[in-house]
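Working notes for the structure below.
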Amino acid sequence: MEVASCLGVRHQLGAQKRQISGAPGGGYSAPSFGMMEFNVDVHSGFLPSLTQIAKFEQDPWTVWEDVLDSMKGFRVGTKNSDKAEKDGFSVLVPRSISIPFCAVSDALDMPPVLTYANMVLYNWSLIDPSAGLEASNIHIPKTFAATNSEAHFLKTSVLVKALGPACLALMQSSLDKAFLRDALSICRICRNLGQLSKMIDHITQVLQDVCTDCDPRTFYREIRPWYNGGECVK
Numbered sequence: 001m002e003v004a005s006c007l008g009v010r011h012q013l014g015a016q017k018r019q020i021s022g023a024p025g026g027g028y029s030a031p032s033f034g035m036m037e038f039n040v041d042v043h044s045g046f047l048p049s050l051t052q053i054a055k056f057e058q059d060p061w062t063v064w065e066d067v068l069d070s071m072k073g074f075r076v077g078t079k080n081s082d083k084a085e086k087d088g089f090s091v092l093v094p095r096s097i098s099i100p101f102c103a104v105s106d107a108l109d110m111p112p113v114l115t116y117a118n119m120v121l122y123n124w125s126l127i128d129p130s131a132g133l134e135a136s137n138i139h140i141p142k143t144f145a146a147t148n149s150e151a152h153f154l155k156t157s158v159l160v161k162a163l164g165p166a167c168l169a170l171m172q173s174s175l176d177k178a179f180l181r182d183a184l185s186i187c188r189i190c191r192n193l194g195q196l197s198k199m200i201d202h203i204t205q206v207l208q209d210v211c212t213d214c215d216p217r218t219f220y221r222e223i224r225p226w227y228n229g230g231e232c233v234k
């Protein structure tokens, strides 16, 4: 079965569940894909819908916070001697760190490794909550290299995700109206697609602007080694 056919069948099945709600006497309401069905928030999209906790201020978590803060700016991937490469690190993570770390990961239902979710999706806050998601209003609490380049790199991903809900709403509206098949719906679909095209252009510009405040040399020499385990890792 073609992808379009599968999509249409699922959309119509979803419409059947919504025909009764709305108008009196079981009136028909336009079919709709609920974004929540795909674990996508209608307001924040793929970003968390709740305000993020910037820092734990109470014991026993303050110890973890202090250690993490002390690691900011630490250089990895530096060229060391052969002896340092062989003896300068531990193969196993100590139990005092690994056990509670894995326990917290299990509680959060996230793997105990660096992921896009814990590095981007849950690693931002608004400087002024009333100002909205703008580049100048986004703060990245945790970085490895403690550089503006890394903060801007992560901020770019947050901005792209923040633009997602508007795009999804336009696509959902167009899909709803496609099943009505009348002249007015076609006009509205054309309008939605025009707006969606502008949104995609805006997202493209946001991605291109990553180079404005993210220096390539800083990224590859100081930031990327944190993501790939350092230059010494084969």
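So the sequence shown is numbered by this note's numbering: it starts at 1 and just counts up by one.
Idealized CB from N, CA, C, for every residue including glycine.
Validate contact between the stretch 125-138 and the stretch 150-164 using beta carbons, cut 8 Å, 3 pairs:
By the criterion of at least three beta-carbon pairs nearer than 8 Å, the stretch 125-138 is in contact with the stretch 150-164.
Output the distance between the C-alpha atoms of residue 219 and residue 228, rounded to the nearest integer angstrom.
Going by the C-alpha atoms only, they are around 12 Å apart.
Examine the Cβ distances between the stretch 148-157 and the stretch 206-225 and report whether three or more of them are shorter than 8 Å.
Segments in contact, yes.
Distance between residue 109 and residue 172 (C-alpha atoms, nearest Å):
Whole-angstrom Cα-Cα distance: 29 Å.
Euclidean distance between Cα positions of residue 30 and residue 46
At residue 30 the pLDDT is 44, less than 50, meaning the model places this residue with poor confidence and gives no usable figure here.
DSSP-derived helix/strand/coil call for residue 43:
Per DSSP, reduced to three states, the secondary structure at residue 43 is coil, with no helix or strand assignment.
Can you give me the Cβ contacts of residue 167 inside the same chain, cut-off strictly under 7 Å, excluding the 5 residues immediately before and after it?
Hits under 7 Å: 196 and 199.
Restricting to Cα atoms, I'd like to know which of 130, 164, 125 and 131 is closest to residue 151.
Comparing Cα positions, the closest option is 125.
If you draw a straight line from the C-alpha of residue 105 to the C-alpha of residue 132, how long is it?
Taking the straight line from one Cα to the other gives about 30 Å.
According to DSSP, simplified to helix, strand and coil, what is residue 140?
If DSSP states are grouped into helix, strand and coil, residue 140 belongs with coil.
To the nearest angstrom, how far is the alpha carbon of residue 21 from that of residue 98?
Only weak support is given to the placement of residue 21: the predicted model assigns it a pLDDT of 37, under 50, and the question is left unresolved by the model.
Other residues of its chain near residue 48: CB distance less than 7 Å, five sequence neighbours each side excluded:
Taking C-beta separations shorter than 7 Å and ignoring five residues to either side along the sequence, the partners of residue 48 in its chain run 121 and 122, following chain order.
With a 10 Å radius around its C-beta and 16 neighbouring C-beta atoms as the bar for buried, classify residue 225 as buried or exposed.
Residue 225 should be labelled buried.
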